[in-house]
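What follows is a set of notes on a single structure, which appears directly below.
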Amino acid sequence: MLKVGIDGCQNRVNGNWDKNKSIFLLSFVSTPAHKLKMSTNLPAKKHGGDKPAEKMMFWTDRHDVILCREILIHNPFQYKKSSIQRGQVWNDIAERLVAVDEVRFKSDLDRRGVRDRYNLLANKLRRKLKDETKASGIETDMSEVEVALEGLIEREDESDKQHKENQDQNLKRKEDRQQAEDIRTKSLERLGETQKRKGQDSNLQTKGKKKRATGGDAVVFLRERTEAMVAARKEEVNMKVKQQEAESKRHQDFLELMRQQQQQQQQQMHNMQAMLLQQQQQQTQLIMALVSKLDHK
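Just so we're aligned, residue 1 is where the sequence shown starts under the UniProt record's numbering, counting upward by one.
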């Protein structure tokens, strides 16, 4: 009977099937649909290749201390804000943090993440110090991270202030050069107008008579032009001298301020030493008095 089924299948199909395929077809057709079992054991899809998912990183006080240490070492504030050089330093700090073995930093930490974390901590400390100042100057205990951040904030503010002053000075020098150039241009324009007016007066005096050109007019023009350029150059030099005097005065004022601060610090140190010496003398007198009482007993 099996052979008849095989021959029947072979007669219904164009072509020649082999014996194994005919048996499989016959058994498949004769099996009820509810007894058929389809394999669904497909291989699970892998996400991200064979690399395991990286654990999330949470910033701790130890992370912040190491971050502040690297910022102190590399000092990104020595360069202008938003400059390529400062961005490169932030990038170097991020690479150093990723290579730290003491604690784990996430492998994709970049300069933006490092800079944002520092700004978050710095702004938080700025608000805290501002609130303490409003509260009658009451100071609270500061953690290791806050102590390091306070020094970084002072360095950042001083650097930004210095870069701002340099930018203002460059802008002032540019304005002075532009002003000197305007003065020179106006002087040449006035000289040209004067020569044009003299030419018109000369034409009126000759009344149409042709006059042979001489080299005297050219000499006069060159002399007046030279005088105008010299005057403009002199004005520019005077401006530069005044600017240098102002810068020298600012420098002298800064040195005087530093000298006064040093004197104040020295006076404070002297007063502190005198107070400590006085305390030591009082303690010595108390000890001698106590020893004297013990001897009398």
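Even glycine gets a Cβ: it sits at the ideal position worked out from N, Cα and C. None of these values were measured; they are calculated from a predicted model.
- The three-state secondary structure of Ala135, taken from DSSP, is coil.
- The straight-line gap separating the alpha-carbon atoms of Val145 and Ala135 is approximately 22 Å.
- In the structure shown, the three-state DSSP call for Lys186 is helix.
- Exclusion of the five residues before and after Phe105 leaves Met57, His63, Leu97 and Val98 as the residues of its chain whose Cβ lies within less than 8 Å of its Cβ.
- Counting other Cβ atoms within 10 Å of its Cβ, Ala232 reaches 16 or more and is therefore classed as buried.
- A distance of 8 Å or more separates the beta carbons of Thr140 and Glu150.
- Short of 8 Å from the beta carbon of His251, and not among the five residues preceding or following it, lies no beta carbon of its own chain.
- Contact check for Val114 against Ile93 passes: the beta carbons are separated by less than 8 Å.
- Apart from the 5 residues on each side of it in sequence, Asp160 sits with its Cβ closer than 7 Å to the Cβ of Lys81 in its chain, given in chain order.
- Under the three-state reduction of DSSP output, Ser248 falls in the helix class.
- By the neighbour-count criterion, in which 16 or more other beta carbons inside 10 Å mark a residue as buried, Ala246 falls on the exposed side.
- The residue among Val237, Leu188, Leu255 and Gln244 with its C-alpha nearest the C-alpha of Leu222 is Leu188.
- Assignment of Met229 by DSSP, reduced to helix, strand and coil, places it in the helix class.
- Straight across, the Cα-Cα distance linking Asp61 with Gln273 is about 37 Å.
- Excluding residues up to 5 positions away in sequence, Leu97, Val100, Glu102 and Val103 lie with their Cβ nearer than 8 Å to the Cβ of Ile66 in the same chain.
- At the C-beta level, Arg117 and Asn91 stay beyond 8 Å of one another.
- Met229 is positioned such that its CB atom lies closer than 8 Å to that of Arg184.
- CA-to-CA, the gap between Asn123 and Leu276 works out to about 39 Å.
- In the DSSP assignment, Trp90 falls within the unbroken alpha helix (DSSP H) covering Ile84 to Val98.
- Between Arg155 and Phe77, the beta carbon gap of about 5 Å places them in contact (Cβ cut-off 8 Å).
- The beta carbons of Ala148 and Glu236 sit about 49 Å from each other, so the pair does not count as a contact at 8 Å.
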